[in-house]
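Asks: Going line by line, the protein sequences match chains P and H.
Under numbering that gives the first Met the number 0, think of the first position of the first sequence as 0, with each following residue one higher.
Under numbering that gives the first Met the number 0, think of the first position of the second sequence as 0, with each following residue one higher.
I have a structure here, written as structure tokens, and I will follow up with some questions on it.
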Amino acid sequence: MRDAARTKGSLDDFARSQLLSGYSIAGLLAAELAFADELLCRTRRRLVEELAAAPARRAAADRIEAAEDAGELGAVLGDLLAELRHGGDEPELRRRLLRVLAEMAQLELAALGGARPASQAA
Amino acid sequence: MNDGVAGRADAVLGLMRAAGVAGARARVESLRQMEGGWSRHIYALDIADPERDRELHRYVVRVRPQDSVLDTDLGQEYRIFEALAEEPIPVPAVHGYEGTEDTPFGGPFFIMDRIGGEAPNVWRPRDREALDRDWADRRSIAEDFVAALAAIHSVDLDRIGGIVTRDFRATVGHWRSIYEDVRLVRDPVVEEAFAWLLENEPEPIAPSLVHGDYRIGNCLVDDGHLTGVLDWELASVGDRRFDFGYMSLDYSAGRFVTAGSDRLGAVADQEWFDRRYEEISGLTIDRSVAQTYAVLGALMLFAIMGTGINLYASGKTSDIRTAWSRFVFPGLRRDIATTIGW
Chain P
0 MRDAARTKGS
10 LDDFARSQLL
20 SGYSIAGLLA
30 AELAFADELL
40 CRTRRRLVEE
50 LAAAPARRAA
60 ADRIEAAEDA
70 GELGAVLGDL
80 LAELRHGGDE
90 PELRRRLLRV
100 LAEMAQLELA
110 ALGGARPASQ
120 AA
Chain H
0 MNDGVAGRAD
10 AVLGLMRAAG
20 VAGARARVES
30 LRQMEGGWSR
40 HIYALDIADP
50 ERDRELHRYV
60 VRVRPQDSVL
70 DTDLGQEYRI
80 FEALAEEPIP
90 VPAVHGYEGT
100 EDTPFGGPFF
110 IMDRIGGEAP
120 NVWRPRDREA
130 LDRDWADRRS
140 IAEDFVAALA
150 AIHSVDLDRI
160 GGIVTRDFRA
170 TVGHWRSIYE
180 DVRLVRDPVV
190 EEAFAWLLEN
200 EPEPIAPSLV
210 HGDYRIGNCL
220 VDDGHLTGVL
230 DWELASVGDR
240 RFDFGYMSLD
250 YSAGRFVTAG
260 SDRLGAVADQ
270 EWFDRRYEEI
280 SGLTIDRSVA
290 QTYAVLGALM
300 LFAIMGTGIN
310 LYASGKTSDI
320 RTAWSRFVFP
330 GLRRDIATTI
340 GW
């Protein structure tokens with residue numbers, strides 16, 4: 000964007016598209032940063048809630064609770080879901096965890112689109 | 000003309016003379032890069048050819064650069080355009096293909112006619128409004144859009160050789176492999192969706208030519224009609240129901256982080272589209288199977304955009320649009336979750 004600001008004369012199509020993308024990213028990043036912590040807390044809390052009913056999954060719940068960022072949470076949850084998928088004997092737990100993912104997807108999209116997700120204790 | 004442009008000018012003239020569509024005294028009047036996708040660079044080319052006439056002849060140079068987001072075969076695209084020249088599908092005529100990597104454009108390239116029309120951008124409200132007006136009025140864009148797809152799916156496969164052929168599991172494996180190579184973090188939505196696909200493999204049908212990225216944004220529209228179907232980079236011989244599924248994503252109707260059109264691909268009501276497709280082609284659309292392919296289409300986008308994001312994160316490209324595309328992912332996650340029914 001600094002390069003665009005320094006450009007004398009009009010921008011070509013490619014440069015203009017870069018500038019518009021940069022402008023768009025700035026707004027989207029701001030929206031994402033504004034809700035990222037809340038979404039992480041909420042998703043972590045919901046997952047732990049669902050796992051509370053499955054004592055055999057206590058270790059997974061602990062790892063989810065300890066996950067410090069979305070990347071770490073995704074890896075832990077990915078491993079758990081793969082285990083449930085291959086094991087096949089806890090279909091209801093798997094279904095509830097996937098439901099949490101669906102909720103997260105909806106909230107994430109709503110937040111980026113401008114509507115703030117409902118604030119809840121993490 | 001600087002050395003870089005001069006080298007490119009010589010390259011295109013050489014190719015066109017070899018193809019017999021430019022004379023010895025033809026000269027490049029203009030060669031400028033246009034806004035294009037990530038896997039292809041596009042140049043607008045104007046040639047004056049006094050041995051032919053006094054007109055300025057307009058072409059497009061399509062290039063697969065070395066830093067292409069996807070490793071797809073430009074030669075296949077060229078062969079598809081050649082084969083479709085005799086089909087009732089609006090495609091530009093092509094004039095020569097240079098397949099070597101070391102060209103002044105930075106990779107293989109081919110030349111095609113530059114045809115009139117604009118590609119609607121469904122993520123832009125005014126373009127969606129223009130499509131709405133067509134739908135409310137004469138529906139000529141919608142008619143051409145469905146007719147072109149029916150014609151694509153009806154192409155005699157014996158007429159187009161050398162096109163990548165993939166069945167369902169091979170297609171799933173292809174995109175999963177790319178996704179896993181490029182992802183920067185694990186996404187359980189994506190992982191579960193890939194697994195779901197393998198658990199929900201549709202019964203196979205006879206293979207067809209599949210566009211692979213069929214949407215109004217990959218078509219040129221002029222005065223209410225399709226003048227060109229472009230961007231055949233992802234085409235294959237496979238299950239035509241992929242094109243229906245991909246088109247049915249909210250993303251394809253202009254949903255980014257806010258809602259787009261509620262019409263199929265922002266072009267037509269789904270029921271109308273299905274009925275017209277069946278009337279024109281004699282082929283049926285199974286929407287439940289199309290739903291499966293919608294999930295696959297979303298995962299394909301994760302793989303493609305993930306490739307671009309990876310290139311940007313690693314500093315291999317400075318094209319900021321590749322980074323911007325990560326904001327498409329939330330909508331695709333929502334599409335996947337809703338379609339599968341989590």
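Idealized CB from N, CA, C, for every residue including glycine.
Assuming TYR148(H) and PRO107(H) are in contact, meaning their beta carbons sit under 8 Å apart, how far apart are those beta carbons, in whole angstroms?
Replies: In the sequence as displayed, the identity of residue 148(H) is Leu instead of Tyr. That pair is no contact at about 28 Å.
Asks: Consider the Cβ of ARG84(P): report whether some Cβ of chain H lies at a distance smaller than 8 Å.
Replies: Yes - at least one Cβ of chain H is within 8 Å of the one on ARG84(P).
Asks: What are the boundary residues of the beta strand (DSSP E) that includes LEU263(H)?
Replies: Looking at the DSSP string, LEU263(H) is not in any beta strand (DSSP E), and its letter there is neither H nor E.
Asks: Following the continuous beta strand (DSSP E) through HIS94(H), name the residue where it begins and the one where it ends.
Replies: That run of the beta strand (DSSP E) goes 93-97.
Asks: So, are the CB atoms of LEU155(P) and ALA53(P) less than 8 Å apart?
Replies: No information on residue 155(P) is available, as it lies outside the stretch 0 to 121 that chain P covers here.
Asks: Going along the chain, which residues of the region 22-33 of chain P sit with their C-beta nearer than 7 Å to a C-beta in chain H?
Replies: Listed by position along the chain: SER23, ILE24 and LEU27.
Asks: Given 8 Å as the limit, is there contact between the region 195-215 of chain H and the region 234-246 of chain H, that is, 3 or more CB pairs closer than that?
Replies: Touching, per the Cβ criterion.
Asks: Just how far apart, CA to CA, sit ASP334(H) and LEU27(P)?
Replies: About 19 Å.
Asks: Would DSSP call PHE108(H) helix, strand or coil?
Replies: Reduced to three states, the DSSP call for PHE108(H) is strand.
Asks: Should VAL294(H) and SER235(H) be called a contact, given that it needs their Cβ atoms to be closer than 8 Å?
Replies: The answer is no: Cβ separation not under 8 Å.
Asks: Which bits of chain A does ARG98(P) rub up against, with CB to CB less than 7 Å?
Replies: In the structure shown, chain A cannot be found, because the protein chains are P and H.
Asks: Check for me: the beta strand (DSSP E) holding SER207(H) runs from which residue to which?
Replies: 207-209 is the span of the beta strand (DSSP E), which, as asked, contains SER207(H).
Asks: Consult DSSP for ILE279(H) and reduce its assignment to one of helix, strand or coil.
Replies: Residue state, collapsed to three classes: helix.
Asks: Where MET15(H) and ALA21(H) are concerned, what is the direct C-alpha to C-alpha distance, given to the nearest angstrom?
Replies: The alpha-carbon atoms of MET15(H) and ALA21(H) are separated by roughly 5 Å.
Asks: Got a sec, what are the start and stop residues for the beta strand (DSSP E) ALA33(P) sits in?
Replies: ALA33(P) -> not in any beta strand (DSSP E); alpha helix (DSSP H) instead, spanning 12-50.
Asks: Kindly indicate if chain H contains any beta-carbon less than 8 Å away from that of LEU10(P).
Replies: So no, LEU10(P) is outside the interface.
Asks: Under 8 Å by Cβ, that's how I've got ARG7(H) and PHE109(H) pegged, so tell me the actual separation to the nearest angstrom.
Replies: That belief does not hold up - the Cβ atoms of ARG7(H) and PHE109(H) are roughly 14 Å apart, past 8 Å.
Asks: For a contact meaning CB atoms closer than 8 Å, what does ALA74(P) contact in chain H?
Replies: What ALA74(P) touches in chain H: VAL184 and ARG185.
Asks: Where DSSP assigns a beta bridge to GLY237(H), which residues make up the other side?
Replies: In DSSP, GLY237(H) forms a bridge with SER207(H).
Asks: Whose C-beta lies closer than 7 Å to the C-beta of HIS152(H) among residues of the same chain, with five residues either side of it excluded?
Replies: These residues qualify, in order along the chain: SER207, LEU208, ARG239, SER280 and LEU282.
Asks: If I follow the unbroken alpha helix (DSSP H) through ILE79(H), where does it start and stop?
Replies: Counting along the chain, the alpha helix (DSSP H) containing ILE79(H) begins and ends at 73-83.
Asks: Could you check if THR99(H) is buried or exposed, using at least 16 other CB atoms within 10 Å of its CB as the buried criterion?
Replies: Label assigned to THR99(H): exposed.
Asks: Quick check: ALA265(H) and VAL171(H), are their CB atoms within less than 8 Å of each other?
Replies: Cβ atoms of ALA265(H) and VAL171(H): not closer than 8 Å.
Asks: Take the Cβ of PRO187(H) as the centre, count every other Cβ of all protein chains shown within 10 Å, and call the residue buried at 16 or more, exposed below.
Replies: With 16 or more Cβ atoms within 10 Å of its Cβ, PRO187(H) is classed as buried.
Asks: If you count every other CB in all the chains shown that lies within 10 Å of the CB of GLY227(H), and 16 or more means buried, which is it?
Replies: Counting Cβ neighbours within 10 Å, GLY227(H) comes out buried, since at least 16 surround it.
Asks: Please compile the residues from chain P whose C-beta is within a distance smaller than 7 Å of the C-beta of GLU346(H).
Replies: Only positions 0 to 341 of chain H appear in this structure, which leaves residue 346(H) out of reach.
Asks: According to DSSP, simplified to helix, strand and coil, what is ILE41(H)?
Replies: The answer is strand: DSSP assigns ILE41(H) an E or B state.
Asks: Which residue from GLU179(H), PRO124(H), VAL11(H) and PHE167(H) puts its Cα closest to that of ASP112(H)?
Replies: Nearest C-alpha to ASP112(H): VAL11(H).
Asks: Going by C-alpha distance, which of THR71(H), ALA92(H) and GLY305(H) is nearest ASP348(H)?
Replies: As displayed, chain H neither begins before 0 nor continues past 341, which places residue 348(H) out of reach and without an answer.
Asks: Please confirm whether GLU49(P) has its beta-carbon closer than 8 Å to some beta-carbon of chain H.
Replies: Closer than 8 Å: no.
Asks: I need the DSSP call for PRO116(P), collapsed to helix, strand or coil.
Replies: Because PRO116(P) carries a pLDDT of 42, less than 50, the predicted location of this residue cannot be relied on, and the following value inherits that uncertainty. Three-state DSSP puts PRO116(P) in coil, outside helix and strand.
Asks: Rounded to whole angstroms, how far is the Cβ of GLY70(P) from the Cβ of VAL184(H), which I believe are closer than 8 Å?
Replies: With a Cβ gap of about 4 Å, GLY70(P) and VAL184(H) count as contacting.
Asks: The alpha helix (DSSP H) with VAL27(H) in it runs from where to where?
Replies: Element bounds for VAL27(H): not the alpha helix (DSSP H) but the beta strand (DSSP E), 26-33.
Asks: Given that GLY77(P) touches chain H, what residues does it touch there, using C-beta distances under 7 Å?
Replies: Within chain H, the residues near GLY77(P) are ARG185, PRO187 and GLU190.
Asks: I'd like to know if THR257(H) contacts chain P, where contact means its C-beta is closer than 8 Å to some C-beta of that chain.
Replies: Yes, its Cβ sits closer than 8 Å to a Cβ of chain P.
Asks: Check whether the region 55-63 of chain H touches the region 117-134 of chain H, counting contact only when three or more Cβ pairs, one atom from each stretch, lie closer than 8 Å.
Replies: Not touching, per the Cβ criterion.
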